[in-house]
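Single-structure report; data block below.
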Amino acid sequence: KNQVEQSPQSLIILEGKNCTLQCNYTVSPFSNLRWYKQDTGRGPVSLTIMTFSENTKSNGRYTATLDADTKQSSLHITASQLSDSASYICVVSGPDKIIFGKGTRLHILP
Amino acid sequence: NAGVMQNPRHLVRRRGQEARLRCSPMKGHSHVYWYRQLPEEGLKFMVYLQKENIIDESGMPKERFSAEFPKEGPSILRIQQVVRGDSAAYFCASSRQEHSTNEKLFFGSGTQLSVL
Chain D
49 KNQVEQSPQS LIILEGKNCT LQCNYTVSPF SNLRWYKQDT GRGPVSLTIM TFSENTKSNG
109 RYTATLDADT KQSSLHITAS QLSDSASYIC VVSGPDKIIF GKGTRLHILP
Chain B
27 NAGVMQNPRH LVRRRGQEAR LRCSPMKGHS HVYWYRQLPE EGLKFMVYLQ KENIIDESGM
87 PKERFSAEFP KEGPSILRIQ QVVRGDSAAY FCASSRQEHS TNEKLFFGSG TQLSVL
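If you read the sequences in order, they're chains D and B.
Quick note, our numbering runs 48 ahead of the 1-based positions in the first sequence.
Quick note, our numbering runs 26 ahead of the 1-based positions in the second sequence.
Below you can see the structure in the form of structure tokens.
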């Protein structure tokens with residue numbers, strides 16, 4: 049069954065700290081993996097996209113990694129800011145399917 | 027270049043009424059996707075359309091739900107005879123090419139449907 053599992057479900061960290069969010073998937077065949085940020089009451093916004101041959105992609109303070117062999121991805125956030133408080137969604141695409149994870153809810157405390 | 031525009035932002039309907047949700051994709055985008063999101067749940071794919079064609083409606087409930095993307099005008103997600111379980115946030119996304127390529131997907135701000 050094609051699934052995308054994210055962990056943790058929620059995370060609370062202090063402003064300025066780093067954190068890492070995890071995504072495991074069983075989607076096959078695989079086309080690409082994306083990370084989205086979704087602010088409360090808004091639509092998701094794309095952060096990174098990686099294909100099978102890419103194992104890391106950065107976007108400012110966001111760095112995503114991909115291990116296509118173990119079917120795992122992580123999103124690392126460096127020097128967190130209050131504006132990073134949001135849900136982070138892992139999305140895995142195949143040729144004819146798009147599977148969304150349930151997201152990790154991140155809270156940044158001042 | 028305006029982003030993906032959805033309206034209304036909030037829609038309240040009584041049970042049995044019809045709900046019409048509109049989505050105008052980004053300029054130059056001919057691929058539209060509709061998703062439903064329940065509280066504390068991930069986005070669930072509903073339907074994928076190109077201009078005048080439904081490409082994949084595998085996520086659409088078999089009854090009461092329909093979608094269109096006419097040659098002119100916005101894409102419409104229509105829910106007939108709404109029930110309380112239809113209450114959710116409905117998001118529209120668009121892209122220039124099919125999402126399974128490396129094309130970026132742009133989302134609207136969603137329509138929050140509340141059924142009384």
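All C-beta atoms in this analysis are idealised placements derived from N, C-alpha and C, irrespective of residue type, glycine included.
In this text the structure is predicted, and so the values were computed from the model without any measurement.
{"Asked": "E67 of chain B: contacting residues in chain D (beta-carbon distance under 8 Å)", "Found": "K150"}
{"Asked": "For D112 of chain B, three-class secondary structure by DSSP", "Found": "helix"}
{"Asked": "Minimum Cβ-Cβ distance from I125 of chain D to chain B less than 8 Å", "Found": "no"}
{"Asked": "Contact set between S94 of chain D and chain B, taken where Cβ atoms lie within less than 7 Å", "Found": "K130, L131"}
{"Asked": "Partners in chain B for I137 of chain D, counting only beta-carbon separations shorter than 9 Å", "Found": "G68, L69"}
{"Asked": "Beta-carbon spacing of A116 of chain D, K105 of chain D below 8 Å", "Found": "no"}
{"Asked": "Rounded straight-line distance, which links the Cα of Y84 of chain D to that of A134 of chain D", "Found": "10 Å"}
{"Asked": "G108 of chain D at chain B interface by Cβ criterion, 8 Å", "Found": "no"}
{"Asked": "Which listed residue (B:S135, B:E78, B:M72) has its alpha carbon closest to that of F91 of chain B", "Found": "B:M72"}
{"Asked": "Whole-number beta carbon distance between Q51 of chain D and G151 of chain D, since they are thought to touch under 8 Å", "Found": "Not really, about 14 Å apart at Cβ, beyond 8 Å."}
{"Asked": "Inside the region 47-72 of chain B only - beta strand (DSSP E) runs reaching at least 3 residues", "Found": "57-63"}
{"Asked": "Residue ranges of each beta strand (DSSP E) within the region 64-121 of chain D, 3 or longer", "Found": "67-73, 80-86, 93-99, 104-107, 110-115"}
{"Asked": "Closest by C-alpha distance to A115 of chain B, when choosing among B:S84, B:Q106, B:E67", "Found": "B:E67"}
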